Amino acid sequence: MYDGVFQVLQNSSSLELAVASFHLLMDLGKQYPRTYLTDSDGHQSLVVVKESWLPLLIGNGSHSSEIRGNARISDHLFDPSRFSLLIEAMVEPANPTDDNNGIKAIENMMLFQYLVNTLEADFVPRHIAYKKSLDWVFFRESLLNMLLGSRKLVFKSLVKNCMYLLLNQFHPEVEDGVEGSIPSEGEAKSASDMDSSLNYLLLESERTLVSLRKLFVMVMELDLIRKEADTLGLTSRADGFRNPIMEVILDELIYNISYLSPFLLAFMEWKWKLEIILQYFSKYCGKGAVRTRRSDSSQQDLKLGSVLSFFLTTTSAKAIVKKMGTEVAQLLLAHAYQVCLYVQSDSSDSTATTEKIGASLQEISCDFISAFQNLRKVGLNIQISPFEKEALFTAATLSRKLKNEER
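Count the sequence shown with the numbering used here and you get residues 2 to 408, in order.
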């Protein structure tokens, strides 16, 4: 049944059929999970039903080999190469005035959403199990790790295509009503009846961007866990090697400065957004110690408080601006301050992000204002964007309020 519905999703003759098959696949995944945790005598154990059907053709198990040997039952499944091709197909602009082209574009987006959901359903219970056991095998055998570690997949190209989608299809005006939502069959029928495929295509692209961000975060988490496993000596040459996603993203943002602002606007996962900003600054704010494969780099990682200290004198601010440019420095600092405000308002946020900030909100607010004052001294004709002006206004208001509360 899984296999049949999955084929229907890939070859739908109508929008209603595509949405109905997508819904059914999502419901089946919730009802019959392949990877889950069981609680026995107060201890959680990871269970993986390896015989379960998968839309992904990865790994070297006997079940995967058996499927590969039968082209008739595997030609519609997604191996790493076809997964990359799916993202490339989404990069190509769709023509919503062409019914067939429009439906195919929506099919591709739903396929991507479903595949990412499959990766996430496998990733989350493994993450929980790993936190308690620090057993790298949980992630070595994860679908995401096997997918990204395949020689059939060019990882850098995959990340660049995902970034392209994130940069070119982000529409903040419809963002709020999309996150976590799934289209209903009634919505699809209404879209078809009203001939509003363009609007539906736009809405579906936003849901796809939610999945893109989920994929990015999962890969970042996987890289962090791989780094920890390396430090503990739990990995081996058999685990292979690929560049961390953070390095690929930073290389793209540094090489193409025009990508920086739209990427930071579209990528709203606060913990990782701050990490990207801090690592961007680390490229220009002094040279850290040389890191070996199994070295613990936690002491050398920059914190936001430390970054702001580089801008507290005109001399040091001028030295950094000479390397990275005033506009880039202002933009990064404003987005970093935005993360601070979010962390302050969200009590559920992890302590890891707070530690990365490295100072109180009052200290950050005062240093943020001082940094902009010194940047203005360095470049008398600098332009400040509305986003940066808003951040400065908020910092000034909060700084006064927090100082009054101390009295």
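Glycine included, each C-beta is placed from N, C-alpha and C at the ideal position. Nothing here was measured: the structure is a model prediction, and the numbers come from that model.
Query: Taking C-beta to C-beta, are Y285 and L254 nearer than 8 Å?; Result: no
Query: Between which two residues does the beta strand (DSSP E) containing T36 stretch?; Result: T36 to S41
Query: What residues match up with H44 in a beta bridge as DSSP calls it?; Result: S41
Query: Can Q345 and A392 be called in contact, C-beta distance under 8 Å?; Result: no
Query: Should H336 go down as buried or exposed, given a rule of 16 or more other Cβ atoms within 10 Å for buried?; Result: buried
Query: Any C-beta of chain B sitting closer than 8 Å to the C-beta of K31?; Result: Reference to chain B is not applicable here, since this structure consists of a single protein chain.
Query: Measuring only the C-alpha atoms, how far is Y1 from V48?; Result: For the chain, the structure presents residues 2 to 408; residue 1 sits outside this window and is missing.
Query: Output yes or no for whether 8 Å exceeds the beta carbon distance between A413 and L333.; Result: There is no way to answer for residue 413, as the model of the chain reaches only from 2 to 408.
Query: CB I246 to CB V211, shorter than 8 Å?; Result: no
Query: Grab the span of the alpha helix (DSSP H) containing Q363 for me, first residue to last.; Result: L362 to V379
Query: Given a threshold of 16 other Cβ atoms within 10 Å of its Cβ, counted over all protein chains shown, does E389 qualify as buried or as exposed?; Result: buried
Query: In chain order, what residues of the same chain have a beta carbon less than 8 Å from the beta carbon of V249, not counting five sequence neighbours either side?; Result: F156, K157, V160 and K161
Query: Using the C-alpha atoms, what's the distance from F79 back to L376?; Result: 50 Å
Query: For V117 and L216, which I take to be in contact (beta-carbon distance under 8 Å), what is that distance rounded to the nearest angstrom?; Result: 5 Å
Query: For F312, count neighbouring C-beta atoms within 10 Å of its own C-beta (all shown protein chains included) and say buried if the count is 16 or more, exposed if not.; Result: buried
Query: In angstroms, rounded to a whole number, what distance separates the CA positions of W273 and L26?; Result: 30 Å
Query: Can you tell which of D40, C367 and M111 has its C-alpha closest to the C-alpha of F7?; Result: M111
Query: Terminal residues of the continuous alpha helix (DSSP H) containing M91?; Result: P81 to V92
Query: Using the Cβ count rule (16 or more neighbours within 10 Å means buried), how would you classify T119?; Result: buried
Query: Tell me which residue opens and which closes the alpha helix (DSSP H) that A396 is part of.; Result: P387 to E407
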